[in-house]
Amino acid sequence: MPATRSAATVARSAEPYNKSSHSAPRIMDSDVIIISSDEEDSVAPKRRAAPRNKNKTRAAKEIIDITSTPSDKTSRKGESSRSAAQAKAKADAKEIARQKEALALYEKELERSKAEITKLKNELASEKAKAKASSSGGLSIPAESLDDLTTCEICTCTMWKPATLPDCGHTFCQGCLTDWFSTILAQHLTSNPHYNPNHPPPHIGPDLLRALPQALHPYILNIMQNNSHPPYTCPTCRVAVRNRPVEAFALKNLVHTVAEAKGERPPPSAAPPAPVAGRATRGRAAPPPAPRRVENPWDGFFGKS
Numbered sequence: 150m151p152a153t154r155s156a157a158t159v160a161r162s163a164e165p166y167n168k169s170s171h172s173a174p175r176i177m178d179s180d181v182i183i184i185s186s187d188e189e190d191s192v193a194p195k196r197r198a199a200p201r202n203k204n205k206t207r208a209a210k211e212i213i214d215i216t217s218t219p220s221d222k223t224s225r226k227g228e229s230s231r232s233a234a235q236a237k238a239k240a241d242a243k244e245i246a247r248q249k250e251a252l253a254l255y256e257k258e259l260e261r262s263k264a265e266i267t268k269l270k271n272e273l274a275s276e277k278a279k280a281k282a283s284s285s286g287g288l289s290i291p292a293e294s295l296d297d298l299t300t301c302e303i304c305t306c307t308m309w310k311p312a313t314l315p316d317c318g319h320t321f322c323q324g325c326l327t328d329w330f331s332t333i334l335a336q337h338l339t340s341n342p343h344y345n346p347n348h349p350p351p352h353i354g355p356d357l358l359r360a361l362p363q364a365l366h367p368y369i370l371n372i373m374q375n376n377s378h379p380p381y382t383c384p385t386c387r388v389a390v391r392n393r394p395v396e397a398f399a400l401k402n403l404v405h406t407v408a409e410a411k412g413e414r415p416p417p418s419a420a421p422p423a424p425v426a427g428r429a430t431r432g433r434a435a436p437p438p439a440p441r442r443v444e445n446p447w448d449g450f451f452g453k454s
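Heads up, the sequence shown stops at 454 in the working numbering, and the numbers go up one at a time, no gaps.
What follows is the structure, given as structure tokens:
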């Protein structure tokens with residue numbers, strides 16, 4: 150039996166069927182084609198095409214990026230912060246080193262300036278002293294130029310107690326001259342053990358010797374030779390010294406003046422011993438002791454005068 154169609158037919162699309170993208174057209178009852186054929190049972194129904202991109206689209210939407218987690222972002226931020234802090238610390242260290250170098254240079258410059266100021270002050274004080282001396286009309290003599298006059302030829306030290314030899318005029322300090330005479334006296338006592346400077350032999354002139362008996366001449370000459378004075382001499386010119394040295398007071402004052410100008414001070418002199426108080430009787434104080442006689446340092450060489 151032939152197929153019968155209605156006036157309105159349904160247009161089929163060439164695209165496969167997609168339920169999600171296209172809505173199925175509503176088929177009216179009048180458009181239904183009724184086929185009555187014996188071969189109806191033998192015709193297999195057509196298989197509908199499966200939707201293509203529905204599941205793929207869902208899968209693409211459900212993908213989660215696991216390469217970047219919040220902890221990774223935090224660690225990267227921490228590393229960048231540490232790098233920035235390290236760079237700042239290095240910059241600060243360089244700045245501190247630069248400031249230290251600048252400070253060391255400033256300190257050197259300050260020390261140099263202080264030394265220059267001290268030098269200028271000393272020069273100013275010297276100029277003031279010179280101006281004062283010239284204005285006062287006094288004679289200015291450098292203290293160093295007087296060293297030859299104020300120092301001893303033997304010990305080359307300051308002559309705080311200068312002693313002059315009357316026989317030649319040379320001057321030495323008292324200590325060096327006594328040491329020199331002590332050596333000569335010791336040698337003389339070795340050959341003349343009976344010599345006593347406080348008991349010198351009497352002076353017998355030629356006239357007195359001729360007046361004495363001839364038999365006494367050898368005895369008298371022997372006594373005179375054994376009791377002769379030590380051969381004292383000058384340490385510089387070796388002239389025989391027969392008279393005791395004398396203290397040069399004028400030179401002593403000059404020595405003290407020059408030493409004071411150079412900032413030197415004389416050695417402390419030995420203070421005399423304190424007198425021992427006597428025993429008081431019946432409320433009365435003992436009489437003061439007799440004044441102590443100052444011994445001459447030359448009595449041991451030339452005898453007591």
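We put the beta carbon where it would ideally sit given N, CA and C, even for glycine.
As the structure is a prediction and not an experimental result, all values here were calculated from the model.
Residue state for residue 382 is assigned as strand, using DSSP reduced to three classes. In this structure the region 306–319 touches the region 380–397; the number of beta carbon pairs closer than 8 Å is three or more. For residue 300 and residue 401, the gap between their C-alpha atoms comes out near 11 Å. Around the beta carbon of residue 381, 16 or more other beta carbons sit within 10 angstroms, so the residue counts as buried. Secondary structure at residue 276: helix, using DSSP grouped into helix, strand and coil.
C-alpha of residue 417 to C-alpha of residue 386: approximately 32 Å in a straight line. In this structure, residue 446 lies near residue 323, with their beta-carbon atoms less than 8 Å apart. Taking C-alpha positions only, residue 252 is separated from residue 244 by approximately 12 Å.
Nearest in C-alpha terms to residue 405, of all of 293, 331, 383, 307, is 307.
For a cut-off of 8 Å, the C-beta gap from residue 383 to residue 317 is around 5 Å, short enough to register as a contact.
Annotation for residue 322: the continuous beta strand (DSSP E) segment containing it runs 320–322.
Between residue 348 and residue 358, the CB-CB gap reaches or exceeds 8 Å. If you ignore the 5 residues before and after residue 263, its C-beta comes within less than 8 Å of no other C-beta in its own chain. Annotation for residue 327: 446 place their beta carbon closer than 7 Å to its own, counting only its chain and skipping 5 residues before and after. Residue 267 is classed as exposed because its beta carbon has fewer than 16 other beta carbons within 10 Å across all chains shown. Beta-bridge partners assigned by DSSP to residue 389: 382. Bounds of the beta strand (DSSP E) holding residue 313 are 311–313. In this structure, residue 451 places its C-beta atom within 8 Å of the C-beta atom of residue 393. With contacts defined as CB atoms closer than 8 Å, residue 334 and residue 379 qualify as a contacting pair. In the three-state reduction of the DSSP assignment, residue 396 falls in the strand class, which pools E and B. If you draw a straight line from the Cα of residue 331 to the Cα of residue 325, it comes to about 10 Å. Across the structure, residue 224 and residue 233 are spaced so that their CA atoms are roughly 14 Å apart.
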